[in-house]
Amino acid sequence: MEYISNRITISEALCNGKPTIRGMRITVQSILGFLNAGDTAEEILKQYPSLEREDINACLLFATNLMSRNYIIRPVA
1 MEYISNRITI
11 SEALCNGKPT
21 IRGMRITVQS
31 ILGFLNAGDT
41 AEEILKQYPS
51 LEREDINACL
61 LFATNLMSRN
71 YIIRPVA
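Okay, so the sequence shown: first residue is 1 according to the numbering used here, each after it adds one.
Encoded structure:
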């Protein structure tokens with residue numbers, strides 16, 4: 001298991017290698033999806049009692065860090 005931060009982990013054996021929260025089967029993508037759908041942090045924490053507010057903040061920071069990189073789109077033949 002690789003730790004991207006103290007709260008975000010990646011393991012090929014867990015959730016098909018998607019970034020998860022502290023090695024649990026809760027993906028960063030799921031949390032970001034809930035937030036995008038309008039759920040509040042409080043609602044997410046009620047649905048997932050094993051989460052902490054810092055986990056949600058770590059998901060947002062993880063996404064922000066991904067978007068700070070430069071990307072090049074190349075045509076595929």
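Even for Gly, the Cβ is constructed at its ideal location relative to N, Cα and C.
Item, Value
"Name, in chain order, the residues that DSSP records as bridge partners for Thr27.", "Thr20"
"Tell me, to the nearest whole angstrom, how far the beta carbon of Leu51 is from that of Leu45; I am working on the premise that it is less than 8 Å.", "6 Å"
"Might you give, ordered along the chain, the residues of its own chain that have their beta carbon closer than 8 Å to the beta carbon of Ile56, omitting 5 neighbours on each side?", "Ile31, Leu35, Ala41, Ile44, Leu45"
"Helix, strand or coil for Leu61 per DSSP?", "helix"
"Name the two residues that bound the continuous alpha helix (DSSP H) containing Leu45.", "41–47"
"I need the straight-line Cα distance from Asn6 to Gly17, nearest angstrom please.", "17 Å"
"Tell me whether the beta-carbon of Pro19 lies closer than 8 Å to the beta-carbon of Ile8.", "yes"
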